[in-house]
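So in the working numbering the end of the sequence shown lands on 188, straight run, no missing numbers.
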Amino acid sequence: MGNRDEEYDYLFKVVLIGDSGVGKSNLLSRFTRNEFNLESKSTIGVEFATRSIQVDGKTVKAQIWDTAGQERYRAITSAYYRGAVGALLVYDIAKHLTYENVDRWLRELRDHADSNIVIMLVGNKCDLRHLRAVPTDEAKHFAEQNNLSFIETSALDSTNVETAFHNILTEIYRIVSQRQLREPARG
């Protein structure tokens, strides 16, 4: 379907980070292939997938990178973050510990990623309402304090997955296109 070298106006690298088991791989597969796998295994190393969307009449190709949340793969960090213009920092709304670790992931982002990276805090598995361990308001407040956008998603039932990716890609696009307007064309 479509050729591999499809035309695009912008290519944005977006990374998924957060603890193991929070649903990063399923967010990726839901957005890029509209698939969800209940038996999802731990990611080994790094994988990525792409999908193009339209923003303001431009074709924005998202290259979304997914990494292992486990400690033993942490050595890949700086290469993983290189060139990333966006990050989805994911936690599981039903596991408070994954939310507590958001601070540590944020520090890692600040240490290794570009200082202008656009970050969205994502509370995944919002279909597990009855098991909720992280109040929405608490996460929303944390996001505001740290200058992050915030959304709750469910890769299982598709809630807000499109919206999350569209929002972050649109935000990146606006920043990048504004920057291009300010900088005189080199040539």
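Beta carbons are placed, not taken as given, at the ideal position from N, Cα and C, and that holds for glycine.
The structure presented is a predicted model; accordingly, all values stated were derived computationally and were not measured.
Does any CB atom of chain C fall closer than 9 Å to the CB of residue i?
i: Ile120; result: Here there is only one protein chain, and chain C is not present.
Once DSSP output is grouped into helix, strand and coil, what is the label at residue i?
i: Phe49; result: strand
i: Tyr92; result: strand
i: Asn125; result: strand
i: Phe13; result: strand
i: Ile54; result: strand
i: Ile176; result: helix
i: Ile169; result: helix
i: Ala85; result: strand
Since residue i is in the alpha helix (DSSP H), which residue starts that stretch and which ends it?
i: Glu153; result: First-last for Glu153: 150–153, but that is the beta strand (DSSP E), not the alpha helix (DSSP H).
i: Val135; result: It is not in any alpha helix (DSSP H) - Val135 carries neither H nor E in the DSSP assignment.
i: Phe32; result: 25–34
i: His97; result: 97–101
Measuring only the C-alpha atoms, how far is residue i from residue j?
i: Val162; j: Arg183; result: 32 Å
i: Ser155; j: Leu17; result: 15 Å
i: Trp106; j: Lys126; result: 19 Å
i: Leu129; j: Ser26; result: 18 Å
i: Asp10; j: Gln55; result: 10 Å
i: Leu122; j: Phe49; result: 20 Å
i: Thr68; j: Lys14; result: 13 Å
i: Thr160; j: Gln64; result: 21 Å
i: Arg111; j: Ala144; result: 15 Å
i: Ala165; j: Glu8; result: 23 Å
i: Ser53; j: Glu172; result: 15 Å
i: Lys96; j: Pro136; result: 11 Å
i: Leu12; j: Ser41; result: 28 Å
i: Ser178; j: Asn117; result: 14 Å
i: Asn147; j: Ala134; result: 21 Å
i: Arg175; j: Ala114; result: 19 Å
Quick check on residue i: buried or exposed, where buried means 16 or more other Cβ atoms within 10 Å of its Cβ?
i: Arg83; result: exposed
i: Ala80; result: exposed
i: Arg31; result: buried
i: Leu90; result: buried
i: Leu39; result: exposed
i: Leu132; result: exposed
i: Glu139; result: exposed
i: Gly58; result: exposed
i: Asp93; result: buried
i: Asp20; result: buried
i: Leu28; result: buried
For residue i, report the span of its beta strand (DSSP E) as first-last.
i: Val61; result: 59–68
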